[in-house]
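Residue numbers (our numbering): 246 to 636. Each remark here refers to the structure printed beneath this line.
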């Protein structure tokens, strides 16, 4: 029931109104419709309908925020969430200017969330250095190419993200300072690969399970990114020519490589090429390549003197214990992963041959995590490649 206070001018008018209201019995008064009855009372008692919004607000002569310098206001905004920070931008021009400071947008995360692609681009243009959209999906895709100003992004994680080709291309074309990049399970193009190659200081690159990696794309990436330290290209769809070009053009600086899952494509001569290209490899995963022969193990033992961890899981031609005997030459070797051997006794025989080596030890690092920003994607991501995010 709406309470409508009568706007009366004096006590006499109030007394008159009450006496007039109850002067005759209710049953003798003509029945009026609810709306007409309400309007009749409004005219009779000079009622005016008001809401709390119509009441005059208590205004202050002084705006306390004007006294605060921008530095203090920036510190206050630093305690707000991203949602509240976006709301503050609507208050005033000054609030928007301070809320768009690059210090507040150092890291942007949409982990397992939904976002609009235009909104994401606006946020990374505020000086963002770390972007995590792992397992996220876009609600509104871009419908045409975009050209962005030069971005300051250094770490980008788009693992399993559902984004448009226009966003992926436009975002990477504006980046030339990347140090870590994960495009796992993304559809690449030659334009995207060319944009990746512009990042001369790229150290970590995850292209696991990507599609569209052509011979030209491989050339763009490996000619530009000559400082790679960790590279994951496992289970990607590549032609034989592209794979041969990749293993022959790997940078000398490479320490960690995952090239698993090429079944019949990866041959012994490919392994020999990658050993020549990157002789300082310490972690190497060549699992799930069933055409590799014992010759591969001999090549590795002769050329990769710094190797510490090797994964030969499900390489079905290498399951005999004597085939891995050449690894005994490696003085720095620590761990051998050989899951998927036909019988457990083979693993026990390998342990007997190499008493100083660890074989299939769970506490050792899983080489499938090479170049990946996170070992697993939970509800809260606080770092990318060990670098803490400031969300």
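Ideal Cβ positions, reconstructed from N, Cα and C, are used throughout, including at glycine.
- For a cut-off of 8 Å, the C-beta gap from residue 539 to residue 564 is around 10 Å, too long to register as a contact.
- Taking C-beta atoms under 8 Å as the contact rule, residue 481 and residue 458 qualify, at a distance of about 6 Å.
- When C-beta atoms of the stretch 433-448 are compared with those of the stretch 558-576, fewer than three pairs fall below 8 Å, so the two segments do not count as touching.
- Where residue 364 is concerned, the enclosing alpha helix (DSSP H) starts and stops at 362-369.
- With contact defined as three or more Cβ pairs closer than 8 Å, the stretch 352-364 and the stretch 332-342 are not in contact.
- Bounds of the beta strand (DSSP E) holding residue 556 are 554-556.
- The alpha carbon of residue 570 has as its nearest neighbour, out of 321, 601, 393, 309, the alpha carbon of 601.
- For residue 450, the uninterrupted beta strand (DSSP E) segment begins and ends at 449-451.
- Counting along the chain, no alpha helix (DSSP H) covers residue 602, and no H or E run does either.
- The three-state reading of DSSP puts residue 310 in helix, counting H, G and I together.
- As DSSP reads the structure, residue 400 sits in a beta bridge with 375, 425.
- A straight-line Cα-Cα distance of about 22 Å links residue 509 and residue 461.
- Within the model, the alpha-carbon separation for residue 431 versus residue 632 is close to 23 Å.
- Assigned with DSSP and collapsed to three states, residue 500 falls in coil, not helix or strand.
- Per DSSP, reduced to three states, the secondary structure at residue 331 is helical.
- Under DSSP, residue 633 forms a beta bridge with 628.
- When the Cα atoms are used, residue 413 and residue 609 turn out to be separated by approximately 35 Å.
- Comparing alpha-carbon positions, the option among 350, 606, 566, 402 lying closest to residue 620 turns out to be 402.
- Membership of residue 561 in any beta strand (DSSP E) is not indicated, and neither H nor E is assigned to it by DSSP.
- Here DSSP, grouped into helix, strand and coil, assigns residue 433 to coil.
- Your pair residue 516 and residue 537 checks out as a contact, with CB atoms roughly 7 Å apart and the cut at 8 Å.
- In its chain, beyond the 5 residues on either side, 527, 528, 577, 578, 579, 580 have a beta carbon closer than 8 Å to the beta carbon of residue 553.
- Under the DSSP assignment, residue 473 falls outside any beta strand (DSSP E); it carries neither an H nor an E label.
- A residue is called buried when at least 16 other Cβ atoms come within 10 angstroms of its Cβ; residue 597 does not meet this threshold and is exposed.
- When the five nearest sequence neighbours on each side are left out, the beta carbons in the same chain lying within less than 8 Å of the beta carbon of residue 366 are those of 391, 393, 412, 415, 416, in order along the chain.
- By the CB criterion at 8 Å, residue 331 and residue 350 fall outside the cutoff.
- By the Cβ neighbour-count rule, residue 593 is exposed, with fewer than 16 other Cβ atoms within 10 Å of its own.
- Excluding five sequence positions before and after residue 485, the CB atoms of its chain that fall closer than 7 Å to its own CB belong to 510, given in chain order.
- Listed as beta-bridge partners of residue 354 by DSSP are 377.
- In the three-state DSSP reduction, residue 413 falls in the helix class (H, G or I).
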